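**Student:**
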Amino acid sequence: MKTLSHLYLPFLASFVTAEVFDYVVVGAGTSGLVLANRLTEDSSVKVVVIEAGHDERDNPLVRIPNNFVNSFSTPLNWNYTTVPQPAANNRSLGLVSGRAWGGTSAINGMTYIRATRKDIDIWEQLGNDGWNYDALAPYFKKSEDYIRPNPSQVATGATYDLQYHGLNGNVRVAYRQALVNSSTFPLVRDTLENFDVGLSPDINSGDVRGFAIAPSTIDPAPAGDNRWDAATAYLYPVEDRPNLSVLQGTVTRILWAGDNKTTSTCGRLTANGVEYVTSEDLIGSVQAKEVILSAGALRSPSIIEASGIGNPSVLESLGVDTKISLPGVGALLHDQTSHYFIVNGTLDTVEGAFTTYVTAAQVFGDTLDEVAASSRSRIPAWAQSIVERTGGGFLNATAVETLLGLQHDLLFLYDNLIGEIIISSLGGYIASSYWALFPFTRGSVHLSPDDVNRPTIDLNILQVDFDVEVTTAIGRFVQNFWRTAPVSAHIVGQIDPPEDLIPVNATFEQWAAWIRSAGIPDAHPYASAAMLPRELGGVVDPELKVYGTNNVRIVDASIFPFQNSGHPTATLYAVAERAADIFKTVRRPS
């Protein structure tokens, strides 16, 4: 990896790189560093990565796994906030997003859980040819360096089937060393059997249903666990490649070749680089034959909009000329909404994600058919409300209705998972964090007219009433779990929500009021530049190319059309690995 030389133009307070690169990758995060590594395997291909953050390999807030929450109040986190959320008591909510080499993988909770087969197969049903689980499965294994649990960890609940794992990949996946000698695992397992929830043989097999202890992206070193982020996995091992450069700066927009002052109609736009701002507020530019945005679901849409691509009404309000009309840019954003149920007890909890996935049948029980029919009938109204709040009249209500209908099928027709519950230690208490996996609410993220680093984020959480109904059903499941033997013998009190607020016989109205007052984003934002057909609000095609362009691609969580049952990291690594192969097989720009 080399230091770039610049042509400095002091009279313009700007500079341009002296080289023309084959690829500029915007963002040194979970996806961007996979691409930087794989594309520079060909020594004739020159890649530059532009990242606002810095090399944090020696920062204990990054390296030591249990420090990750402490990083949230530092410059390692972009610390985005939403606009006030009307359906969540008008609260403005914080969002975690990494600003460092490694991106969010440098400050996240390190949970490694892949998307399910059904999660990915529906991508192809949405019109993305070739994007199915069988196509992605080899890339899960290619990216993974799985460390088998030791006998003590197996005795404490670690389950695995080696056929599903890669042993020679870049991303180390292992169990916490502290996962030993606990009686919590059999208590939780035996209690869940009362709810028809069994033990998962391997949470990363393509079907996450049931109870399991999830592995983490860590290196279980003798001196203590270390985080294994994207920089550790993909950048540091190849940082001496002469054809790979990393540049510090914040990308603001794409630069277009030729006359870029008119709207693109018949032809396609061709990018010739990007503009960025340094930490000294100097404006720079990088020339490249291909632009790859990997800035994340909360940032890539703003870069696209600043470049003249997006919803014309949004661009007009920002004073940006429309070059390509793509109403889906920033318009289908959604995140899960997390809640806690905290109890006091005598369990000897240990480090590790005690994870339970439940289906609609398990949380709705005998009312399942009624709930399925009632919710299906409300989809047209939900679609219309989403368009009115996020689309500015340019997003098609019929398209949104199609998307929500397929998501409904995923939950009720295909029997995919509907909720996730994670049990962990919280000081002297035991916390169950839980969320609805597939919210029907859609929000938006757009370029801010005031500050390029503070996008206007409206998650619109809980606007669709069914999201509150699902969250209530999962919350009741959790409350009943802690009151069921054998685990109930070890619980001495309900702490939060307090029992006088949510008693065991709490009404839906009581649950709904608490859910709206306590919910927070899960920091799993997706779909703000979705891989979908253009008529469904898509922004990129199955080759991850932005519609209407010749050489602009996006590879990050913004392209995921739906939420998924897993956590983002594992699937992002696999998608980026596959994207690198796609880019290698298409004709490289000359």
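Using our numbering, you'd call the opening residue of the sequence shown number 1267 and step up by one each time.
Cβ coordinates follow ideal geometry from the N, Cα and C atoms, glycine included.
Here the structure is a predicted model, which means the values were calculated and not measured.
Answer yes or no: do Gly1576 and Ala1665 have a C-beta to C-beta separation smaller than 7 Å?
**Tutor:** Against a cut-off of 7 Å, the Cβ pair of Ala1665 and Gly1576 comes out as no contact.
**Student:** Given a threshold of 16 other Cβ atoms within 10 Å of its Cβ, counted over all protein chains shown, does Lys1850 qualify as buried or as exposed?
**Tutor:** Looking at its Cβ environment, which holds fewer than 16 other Cβ atoms inside 10 Å, Lys1850 is exposed.
**Student:** Cβ atoms of Ala1842 and Pro1834: under 7 Å apart, would you say?
**Tutor:** Contact flag unset, no.
**Student:** For Ala1381 versus Thr1837, is the C-beta spacing smaller than 7 Å?
**Tutor:** The answer is yes: Cβ separation under 7 Å.
**Student:** With a threshold of 16 other CB atoms inside 10 Å of the CB of Asp1847, please say whether the residue is buried or exposed.
**Tutor:** Burial call: exposed.
**Student:** Run through the DSSP bridge pairs and tell me what Phe1287 is partnered with.
**Tutor:** Bridge partners of Phe1287: Ala1554.
**Student:** State the Cα-Cα distance for the pair Arg1438 and Trp1780, rounded to the nearest angstrom.
**Tutor:** Taking the straight line from one Cα to the other gives about 39 Å.
**Student:** Helix, strand or coil: how does DSSP classify Pro1508 here?
**Tutor:** Pro1508: coil per DSSP, three-state reduction.
**Student:** With H, G and I counted as helix, E and B as strand and the rest as coil, what does DSSP make of Gly1685?
**Tutor:** Residue state, collapsed to three classes: strand.
**Student:** Just to confirm, is the Cβ distance from Leu1564 to Ser1710 under 7 Å?
**Tutor:** Not in contact: Leu1564 and Ser1710 (Cβ atoms no closer than 7 Å).
**Student:** Of all the alpha helix (DSSP H) runs that stay within the bounds of the stretch 1476–1508, which reach a length of 4 or more residues?
**Tutor:** List check, alpha helix (DSSP H) in window: nothing returned.
**Student:** Tell me which residues share the same chain as Arg1323 and place their Cβ nearer than 8 Å to its Cβ, disregarding the 5 neighbours each side in the sequence.
**Tutor:** Contacts found: Arg1329, Trp1367, Ala1497, Thr1498 and Tyr1502.
**Student:** By the 10 Å Cβ neighbour count, where 16 or more other Cβ atoms means buried, how is Gln1429 classified, buried or exposed?
**Tutor:** With fewer than 16 Cβ atoms within 10 Å of its Cβ, Gln1429 is classed as exposed.
**Student:** From Leu1453 to Glu1654, what does the alpha carbon distance come to, in whole angstroms?
**Tutor:** Their backbone Cα atoms lie some 48 Å apart in a straight line.
**Student:** Taking the C-alpha atoms as reference points, what is the distance between Ile1740 and Asn1509?
**Tutor:** So the alpha carbons of these two residues sit roughly 50 Å apart.
**Student:** Determine the extent of the beta strand (DSSP E) in which Ala1537 is found, giving its start and end residues.
**Tutor:** Element bounds for Ala1537: Ala1537 to Val1543.
**Student:** Any contact of the stretch 1763–1773 with the stretch 1581–1591, i.e. 3+ C-beta pairs under 8 Å?
**Tutor:** These segments do not touch.
**Student:** Is any heavy atom of the ligand ZN found at a distance shorter than 6 Å from the C-beta of Pro1764?
**Tutor:** With respect to the ligand ZN, the structure shown offers nothing to examine, as it has no ligands at all.
**Student:** For a minimum of 3 consecutive residues, which ranges assigned as the beta strand (DSSP E) are wholly contained in the stretch 1407–1478?
**Tutor:** You should have 1410–1412 and 1437–1439.
**Student:** For the candidate residues Ser1591, Pro1578 and Pro1417, whose alpha-carbon lies nearest to that of Arg1800?
**Tutor:** Minimum Cα distance to Arg1800 is reached at Ser1591.
**Student:** Would you check if there are 3 or more beta carbon pairs closer than 8 Å linking the stretch 1603–1612 to the stretch 1679–1695?
**Tutor:** Yes, the stretch 1603–1612 is in contact with the stretch 1679–1695.
**Student:** With DSSP run on the structure shown, which of helix, strand or coil describes Gln1729?
**Tutor:** Looking at Gln1729 - three-state DSSP - the assignment turns out to be coil, as it is neither helix nor strand.
**Student:** Report the option in Thr1348, Gly1685 and Ser1579 whose CA atom is closest to the CA atom of Phe1743.
**Tutor:** Taking only the C-alpha atoms, the option nearest Phe1743 is Gly1685.
**Student:** Can you find at least 3 beta carbon pairs, one from the stretch 1715–1725 and one from the stretch 1622–1637, that sit closer than 8 Å?
**Tutor:** Verdict: no, contact absent.
**Student:** Run the CB neighbour count on Val1286, radius 10 Å, all protein chains shown included, and call it buried at 16 or more, exposed below.
**Tutor:** Exposed, because fewer than 16 other Cβ atoms sit within 10 Å of the Cβ of Val1286.
**Student:** Answer yes or no: do Ala1619 and Thr1377 have a C-beta to C-beta separation smaller than 7 Å?
**Tutor:** Yes, Cβ-Cβ distance for Ala1619 and Thr1377 is below 7 Å.
**Student:** Which residue comes first and which comes last in the alpha helix (DSSP H) that contains Ala1663?
**Tutor:** Start and end: Ala1663 to His1674.
**Student:** The alpha helix (DSSP H) with Val1758 in it runs from where to where?
**Tutor:** That residue, Val1758, is in no alpha helix (DSSP H); its beta strand (DSSP E) goes Ile1757 to Asp1762.
**Student:** Whole angstroms are fine: how far does the CA of Leu1327 sit from the CA of Asn1336?
**Tutor:** The alpha-carbon atoms of Asn1336 and Leu1327 are separated by roughly 7 Å.
**Student:** From Val1557 to Leu1521, what does the alpha carbon distance come to, in whole angstroms?
**Tutor:** Taking the straight line joining both Cα atoms gives about 10 Å.
**Student:** Answer with buried or exposed for Asn1470, where buried requires no fewer than 16 other C-beta atoms within 10 angstroms of its C-beta.
**Tutor:** Asn1470 is buried by the Cβ-count criterion.
**Student:** Closest Cβ-Cβ distance between Glu1636 and chain B: below 7 Å?
**Tutor:** The structure shown contains no chain B; it holds only a single protein chain.
**Student:** If distances are taken between C-alpha atoms only, which option among Ile1373, Asn1662, Thr1656 and Ala1649 comes closest to Leu1670?
**Tutor:** Of the candidates Ile1373, Asn1662, Thr1656 and Ala1649, the one whose C-alpha sits nearest the C-alpha of Leu1670 is Ala1649.
**Student:** Any idea if Asn1355 is buried or exposed, counting beta-carbon neighbours within 10 angstroms, 16 or more meaning buried?
**Tutor:** Label assigned to Asn1355: exposed.
**Student:** For Ala1845, I'd like the list of residues in its chain whose CB is within less than 7 Å of its CB, leaving aside the five on either flank, ordered along the chain.
**Tutor:** If we look at Ala1845 and ignore the five residues flanking it on each side, its Cβ neighbours are Leu1301, Leu1810 and Val1821.
**Student:** Buried or exposed for Thr1531, going by 16 or more other Cβ atoms inside 10 Å?
**Tutor:** Note that Thr1531 scores 43 on pLDDT, short of 50, meaning its location in the model is unreliable; the coordinates nonetheless yield the value given after this. Exposed: under 16 other Cβ atoms inside 10 Å.
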